[in-house]
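Sequential numbering from 1 applies to the sequence shown in the UniProt record's numbering. One structure below.
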Amino acid sequence: MMLPNGEDLKVKRYVMYDLTVRLDSKFAADSRPPVIKRRYTDFRELYIKLRRDHPVLMSRI
């Protein structure tokens, strides 16, 4: 089924985050840092696993 604005109800929506990982030092700045694309659920799964595997370190987060 299509909505009036052309969106398909069968298509799942999700949020995608771009992470830029940059290393700067006193000698040089990272001129071409890599960009990593991940979904919110990827971060949630990472958080859950870190809390499970490292409860003391993650207790304040």
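A virtual CB, placed ideally from N, CA and C, is assigned to each residue, including glycine.
**Report entry** Within the UniProt domain "PX" (1–61), ranges of the alpha helix (DSSP H) (whole runs, at least 4 residues)
**Finding:** 40–53, 55–58
Query - Beta carbon of leucine 57 nearer than 7 Å to that of isoleucine 36 - result: no
Report task. Sort Arg39, Ser31, Val15, Phe27 by Cα distance to valine 21 and report the nearest one. Result -> Ser31
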